[in-house]
Every structure is written in C-alpha cells, then in structure tokens.
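Per my numbering, the first sequence starts with residue 31, numbered consecutively. Ideal Cβ placement from N, Cα and C applies to all residues, glycine included. Only a predicted model underlies this, so the values are computations on that prediction, with no experimental measurement involved.
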Amino acid sequence: MPELPEVETTLRGVAPHIVGQIIDRLTVHNGSLRWPVTEGISEITKGQQIVAITRRAKYLLVELERGSMMIHLGMSGSLRLVDRKTERRKHDHIEMQLANGVCLRYHDPRRFGAWLWSDNGYPQLNHLGPEPLTDEFTGKRLFELSRKRKIAVKPFIMDNQTVVGVGNIYASEALFRGAIRPDRQAGRISLQRYELLAGHIKDVLASAIAQGGTTLRDFVNGNGEPGYFQQTLMVYGRGGQPCVHCGKALKDIRLGQRSSVFCLTCQR
DNA sequence: CTTTCAGCCTGACGGC
DNA sequence: TGCCGTCAGGCTGAAA
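Printed below as a string of structure tokens:
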C-alpha cells in the first residue's frame, strides 16, 4: 500500500503508543511474507523493551534492547493499534501485545511486506540513496547521477539508489508539476529542470505527510484514521480525464511495468 | 556496468 | 451467478 508518506504517517501514529513499552507477546500467525519472518522471533523479543521506532526509506525500524525489528508494508500492508480483545481480521499475520494493553497488528493481504529481527543490521538498507526530505537530495544529484543514462526519468526517480521513498503516485505527481514527460530519457534533462523537479518531489511528499498520507484501498494509519491526500492528485489514476491545466485528456502509458499518467501538452 | 522483466500474493473490478 | 483477464501503493534477483 504505502508510499513514503503513508509509512511516515504510520510511524507517527504508532510511536507514542509503543515506545518505552515492554513486549508481552509477539505472535506470528502467518510468517510467509516476502522473506520468512525471523525464526524464533517470539522468544527473542519476549520481555524486551521497545527503545525507539525510526524510518529509513519505507522500512520501519523498531529498536529493542537487543537488536531491532525491520518492518516493511510492501504493497498492501498496514499496522493498526487495537485493544487486545479486538477480533483478528483476515490477513492479520502478526500481532504484538504490549504490557500497557495495546496490541499492534500487522495486516497484509498480498504478503509482499516483511517483519524481521536482527542484531546485525539489514543488507536491504546498505545501498539506499538519500532521504528525499533532506539536504542530501538535490537537483544536482539527479543531474549528475543521470548523465549518460538512457533510462526514462520516471523509473530513474523511483530507483531507491537515486533517492528513496518516491513511489508511483508521487513520481507521477512530481513530474506533472515539473512539466516533464515520464518517458523522457533521464540523461537528457537539464540541471535547471532537475532542480525544479527535486523541489516538486520534496513538496509533494511533504504535503502528503502533512495531510496524513493517501487513503488507498485498505490504508489506515496507526490510529485507524484514514488520510485524504488522494483528493489533490492531479494525474495519478486520472488517465483519460481532463488535464487540470489545459483540459486535454491525460495519457496513460506503461513504463517499467507501472502505469504512468501524464499530459502530452503540459509535460515535455 | 545498465536496463528490463518475471515473480512474489490476494482482491477488486469489468467484460462476457 | 460465475469465470477470466487485468490491474494494484514495492522490491528483488536474474536475464538481456
């Protein structure tokens, strides 16, 4: 489900309720996720205190006294805080009961997500690009990394080595705001245009986070409150509908297996 | 090296 | 009503 704003919204919703708490019991109902849930995770985590929860790219990192858990929501995952008496729903694969009575449930119909424990770091985090909302991420970086690259700009900005956390929705929206065709070769875009694009990526992510994340399908944040950023999407999911600027029908093409909606007139 | 592509899963939706 | 194909927010590993 989530793009970065949804993960960030989940983090913010969940953190105040779980940090500092002791794990009474972690139960794995279905450990068959993208990678098998760490063998013995229930025994390892029992009685440990949650020291902190942070985010790197779309990975949530739950720091324990010994080691950490890394959670990814994949395409359809979500975390919810419920009372422990609340009945489990279908696809609630993992639940973590805390000493304060709160229960964190991991729900993921497609099971593309992950829930791992390690005291030795995670290789998935090794080659990630910068966080988009930091000064490490700039138009200059996009320009320099893209020289001589033939890849289309949309998959280029969605590549986690370029910058993390830019998924299909926000890539589409940022390119529209930057007036760049998603299928334009990454290596043929000027520094000036990349500087504008980087700014749009930051704006679109920051405003989505500010609004509490996009509600799509089964997304709910950690408090069970839906976000509502979808109301301001200008191209994503609007193929065939009129462009908000010029009124012409938006084009829908596929790039790297992903649908890409854009305006033939406004984006070049 | 860069780029593309199949695959991991379930569920929703549209066409017949 | 059901069956079938297509599509969906991500990411990996292998092939080209």
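- Taking 8 Å as the upper bound for CB-CB distance, serine 106 and phenylalanine 142 are in contact here, some 7 Å apart.
- Pairing threonine 57 with serine 72, the inter-Cα distance amounts to about 6 Å.
- For aspartate 165, the secondary structure class from DSSP, reduced to helix, strand or coil, is coil.
- Just so you know, the alpha carbons of glutamate 125 and tyrosine 224 end up roughly 43 Å apart.
- In the three-state DSSP reduction, proline 139 falls in the coil class, being neither helix nor strand.
- Residue Glu38 holds the alpha-carbon nearest to the alpha-carbon of arginine 85 among His121, Gly286, Lys184 and Glu38.
- For lysine 281, the beta-bridge partners assigned by DSSP are Phe292.
- Cβ neighbours of histidine 275 within its own chain (closer than 6 Å, five residues either side excluded): Cys296.
- Boundaries for isoleucine 239: no beta strand (DSSP E) harbours it, while the alpha helix (DSSP H) harbouring it runs 221-240, taken from the DSSP string.
- For the pair glycine 131 and glutamate 93, the Cα-to-Cα distance works out to about 20 Å.
- Sorting Phe173, Ala129, Pro139 and Pro272 by C-alpha distance to the C-alpha of arginine 218 places Phe173 at the top.
- Boundaries of the beta strand (DSSP E) harbouring histidine 123: 122-128, taken from the DSSP string.
- Assignment of leucine 134 by DSSP, reduced to helix, strand and coil, places it in the strand class.
- Between glycine 286 and methionine 188, the CB-CB gap stays under 9 Å.
- With contacts defined by Cβ atoms closer than 9 Å, glutamate 33 and valine 196 form a contacting pair.
- Residue environment analysis places leucine 155 among the exposed positions, since fewer than 16 neighbouring C-beta atoms fall within 10 angstroms of its C-beta.
- For histidine 47, the enclosing alpha helix (DSSP H) starts and ends at 34-48.
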